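Residue numbers (the numbering used here): 20 to 242.
All residues carry an ideal CB built from backbone N, CA and C; glycine is no exception.
These numbers come from a predicted model, not from an experiment.
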């Protein structure tokens with residue numbers, strides 16, 4: 020595998036690697052979500068650009084892409100278990116990749132490709148919340164858990180692989196609840212038209228239309 024390019028050399032060297040999960044089937048969207056454009060830019064590019072100030076190493080888990088036209092130095096890798104086993108398969112691939120490429124890293128973070136407005140301090144706050152090597156830090160907005168916005172102990176890879184091949188439901192929340200968890204709460208984005216959940220995810224064409232309306236509001240708020 021190709022080692023990640025150092026995406027931000029000004030950051031502390033202990034920032035965890037971050038893996039963008041883009042391996043889903045996008046059945047409700049009708050086409051690959053990562054390539055759908057928001058404001059003329061692919062969703063995956065929005066996510067990566069939001070991550071670049073937050074971490075030194077970014078890569079992408081995808082079962083359809085082999086490289087990124089807009090960021091050719093960012094590695095892309097597939098699931099390590101067959102059969103489109105859901106987001107946990109991407110988490111497992113992230114753990115395996117982090118163990119190989121970043122052997123000193125105790126944790127690896129994941130974010131999905133369909134949530135372009137996530138907090139700009141996400142990775143730092145997840146990292147600060149972890150107090151033990153076996154603890155998973157998970158993002159919340161209000162009472163809602165966002166289980167793929169998480170910081171995962173790399174050492175859980177073997178256990179997660181066993182879970183994937185033995186549990187029919189393969190629920191991310193179910194796996195998280197088996198382990199110590201740090202819940203990290205994030206406030207809504209305070210736009211001039213009202214609050215917006217930073218973890219709003221785009222699953223359908225209607226969601227994409229909503230995100231198009233919100234994009235200028237969020238850009239104005241973040242200036």
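Once you ignore the five residues that flank residue i on each side, which residues in its own chain have a CB closer than 6 Å to its CB?
| i | result |
| --- | --- |
| residue 254 | The question about residue 254 has no answer here: the residues shown for the chain are numbered 20 through 242. |
| residue 203 | 144, 145, 148, 156, 158 |
| residue 46 | Only weak support exists for where residue 46 lies, its pLDDT of 49 falling under 50; the coordinates are left without a value. |
| residue 53 | 41, 62, 63, 132 |
| residue 224 | none |
| residue 87 | 93 |
| residue 70 | 37, 77 |
| residue 84 | 95 |
Give me whichever residues DSSP pairs with residue i in a beta bridge.
| i | result |
| --- | --- |
| residue 222 | Paired residues: none, contrary to the question. |
| residue 130 | 39 |
| residue 235 | The partner list for residue 235 (beta bridge, DSSP) is empty, contrary to what the question assumes. |
| residue 60 | 57 |
So, under 8 Å CB-CB, residue i and residue j are touching, yes? Tell me the CB distance rounded to an integer number of Å.
| i | j | result |
| --- | --- | --- |
| residue 174 | residue 145 | Not a contact, Cβ separation roughly 17 Å. |
| residue 111 | residue 176 | 6 Å |
| residue 113 | residue 127 | 5 Å |
| residue 72 | residue 115 | Contact doesn't hold; Cβ gap of about 26 Å is too wide. |
| residue 180 | residue 100 | 7 Å |
| residue 129 | residue 171 | 7 Å |
| residue 160 | residue 205 | 5 Å |
| residue 74 | residue 119 | That pair is no contact at about 17 Å. |
When you compare each of the options to residue i by their alpha carbons, which one comes out closest?
| i | options | result |
| --- | --- | --- |
| residue 155 | 70, 79, 197, 135 | 197 |
| residue 61 | 157, 121, 90 | 90 |
| residue 213 | 232, 203, 199 | 232 |
| residue 199 | 224, 169, 88, 163 | 169 |
| residue 241 | 215, 33, 223 | 215 |
| residue 93 | 102, 68, 109 | 68 |
| residue 235 | 142, 70, 211, 190 | 211 |
| residue 201 | 166, 184, 186 | 166 |
| residue 51 | 82, 163, 74 | 82 |
| residue 117 | 102, 70, 80, 224 | 80 |
| residue 190 | 38, 109, 97, 95 | 109 |
| residue 34 | 162, 125, 185, 184 | 125 |
Closer than 7 Å by C-beta to residue i: which residues in its own chain qualify, once you throw out the five before and the five after it? Chain order, please.
| i | result |
| --- | --- |
| residue 65 | 57, 135 |
| residue 121 | 36, 76 |
| residue 208 | 136, 214, 215, 217, 237, 240 |
| residue 164 | 157, 192 |
Within the region 69-125, note down every full alpha helix (DSSP H) run reaching 4 residues or more, in order along the chain. Counting only runs of 4 or more, we get 106-120.
3 or more residues per run - each beta strand (DSSP E) lying fully within the region 136-218: With a minimum length of 3 residues, the continuous beta strand (DSSP E) runs that stay inside the region 136-218 are 155-160, 163-172, 200-204, 208-210, 213-215.
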